[in-house]
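Please read the structure below before turning to the comments.
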DNA sequence: TTAATTTTGTGCGATCCAGTACATAAATAT
DNA sequence: ATATTTATGTACTGGATCGCACAAAATTAA
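Protein chains in written order, with my numbering: chain Z, 17 to 217; chain P, 17 to 217.
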């Protein structure tokens with residue numbers, strides 16, 4: 017939906033006063049704290065630094081804004097995960113790094129907000145099929161990323177990389193849930209560290 | 017949660033026209049589908065079969081009603097889990113039964129609603145500390161129940177029963193999340209069955 | 001400079017919602 | 001029978017919320 021291939025097009029009307037990615041990042045904070053249903057457009061537009069009509073014109077209604085924010089959050093998270101998993105070290109070390117980074121993010125002060133998909137998209141899924149679809153795609157992308165890492169490792173062929181990925185994903189989701197409910201980072205780290213050798217056995 | 021110890025007390029005024037447990041069960045359906053924030057008191061009172069003033073008099077405001085519903089759901093779930101875990105068969109078989117029962121419940125038609133704690137309480141936790149506290153207590157109770165079962169089993173002492181319980185709990189939460197987002201029961205069952213021997217190795 | 005185009009910002013309106021007042025009903029106590 | 005106590009049901013209110021209309025502003029095209 018952007019001026020694709022960066023053709024230096026002169027967009028013909030009044031120029032936008034905001035950057036899409038920056039708005040999505042600001043809005044993400046509100047959605048992650050309050051969830052989709054409890055986040056009001058007033059809060060969202062205030063956080064974004066632009067007013068409601070501009071939000072509507074640029075992103076559509078609240079559900080569309082949420083979905084775009086969720087996709088933005090999900091794809092950047094997967095990219096970050098891919099990067100760590102493509103780094104150096106054993107698969108155990110890289111998976112451990114992924115968990116530690118996730119825990120740092122999930123438990124960042126002041127309030128531990130966990131993961132946007134698990135913590136806020138899941139609740140809306142039964143009543144908002146588009147949100148459910150986006151969340152499902154993003155979890156699949158996360159597990160695909162993990163599966164690639166396991167496939168490229170020298171672990172035993174059994175369990176399969178796909179099975180290991182489902183397991184590693186499950187541990188990540190459980191960490192996100194417990195973080196949002198208030199478990200301390202130290203406990204989460206201990207749990208994650210105990211699970212890495214089980215997944216990579 | 018019924019008229020405990022059945023004291024035959026004559027309650028002095030007009031008798032209530034409803035049963036507390038039944039109201040909580042009806043209300044639970046609304047909260048599980050919509051979540052706390054999106055559930056309106058009109059929907060809740062209609063589902064309960066009584067009007068808002070009666071709801072307020074009996075349960076307090078929406079947050080208190082939600083917390084009582086959550087505790088009702090959580091304690092009955094833990095009781096059911098305890099029962100299965102105290103049954104016959106190997107620990108693998110009993111844990112497998114717990115997962116199969118959970119998956120049946122989480123994916124019950126028409127809409128797959130998952131677990132109330134993971135699916136609806138988590139999102140409210142940052143903004144509603146009492147909900148977070150109740151959710152945290154209930155997850156702890158679930159893991160205590162699992163820990164008792166592992167402690168009573170003849171599995172190797174390492175990993176500890178507590179570590180196995182955290183792991184088994186994590187798998188359950190991951191199942192609940194994926195169920196709510198739309199994963200099919202068959203896939204969830206395959207995943208759970210693949211995890212049981214890993215937890216009980 | 002004038003017209004065309006797109007964004008911005010104030011502000012409105014219709015709806016919904018949480019919580020409560022008030023009168024009525026149904027039971028027990030005296 | 002009358003008073004007391006508790007529950008029910010209607011109806012209301014103040015406030016919040018979503019989405020949009022409309023005019024002003026900023027930029028390019030001609």
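Even glycine gets a Cβ: it sits at the ideal position worked out from N, Cα and C.
- Among P/108, P/163, P/53, which has the Cα closest to the Cα of residue 180 of chain P? P/163
- Residues of the region 161-194 of chain Z whose Cβ lies closer than 9 Å to any Cβ of chain P, in chain order: 175, 179, 182, 183, 185, 186, 187, 188, 189, 190, 191, 192, 193, 194
- Message: So, at 8 Å on beta carbons, what are the nonlocal neighbours of residue 44 of chain P in its own chain, with the 5 sequence-adjacent residues on each side left out?
- Response: 85, 88, 89, 132
- Task: Taking residue 152 of chain P as the query, report the chain Z residues whose CB atoms sit under 9 Å from its CB, ordered along the chain.
- Result: 194, 197, 198, 199
- Comparing alpha-carbon positions, which option in P/81, P/214, P/146, P/189 lies nearest residue 171 of chain P? P/214
- Enumerate in chain order the residues of its own chain whose CB-to-CB distance from residue 138 of chain Z is below 7 Å, with the five nearest sequence positions on each side excluded. 151
- Exposure label - residue 18 of chain Z; buried when at least 16 CB within 10 Å: Only weak support exists for where residue 18 of chain Z lies, its pLDDT of 38 falling under 50; the value from the coordinates is given anyway. Label assigned to residue 18 of chain Z: exposed.
- Task: Return helix, strand or coil for residue 18 of chain Z, following the three-state DSSP convention.
- Result: At residue 18 of chain Z the pLDDT is 38, less than 50, meaning the model places this residue with poor confidence; the figure from the coordinates comes in the next sentence. Here residue 18 of chain Z sits in coil by DSSP.
- Query: If you follow the alpha helix (DSSP H) that residue 42 of chain Z is part of, which residue opens it and which one closes it?
  - Reply: 36-54
- Item | Beta-carbon spacing of residue 201 of chain P, residue 91 of chain P below 7 Å | no
- Message: When you compare the CB of residue 49 of chain P with every CB in chain Z, is at least one pair closer than 7 Å?
- Response: yes
- Is it the case that the Cβ atoms of residue 223 of chain Z and residue 190 of chain P are separated by a distance below 7 Å? Lying before the first or after the last residue shown, residue 223 of chain Z is absent from chain Z, which here runs from 17 to 217.
- Message: Please list the terminal residues of the continuous alpha helix (DSSP H) segment that includes residue 92 of chain P.
- Response: 78-101
- Query: Which residues of chain P have a Cβ atom closer than 7 Å to the Cβ of residue 116 of chain Z, listed in chain order?
  - Reply: Neighbours of residue 116 of chain Z on chain P: none; closest Cβ ~17 Å, over 7 Å.
- Item | Distance, residue 135 of chain P Cα to residue 117 of chain Z Cα | 24 Å
- Would the region 93-113 of chain Z and the region 49-61 of chain Z be scored as touching if the rule is three or more Cβ pairs under 8 Å? no
- When you compare each of Z/216, Z/80, Z/212, Z/149 to residue 2 of chain Z by their alpha carbons, which one comes out closest? The structure shown has nothing for residue 2 of chain Z, since chain Z only spans 17 to 217.
- Item | For residue 23 of chain Z, the three-state DSSP class (helix, strand or coil) | In this predicted model, residue 23 of chain Z has a pLDDT of only 48, less than 50, meaning its place in the structure is not dependable; the value taken from the coordinates is given anyway. In the structure shown, residue 23 of chain Z sits in coil (DSSP, three-state: anything other than H, G, I, E or B).
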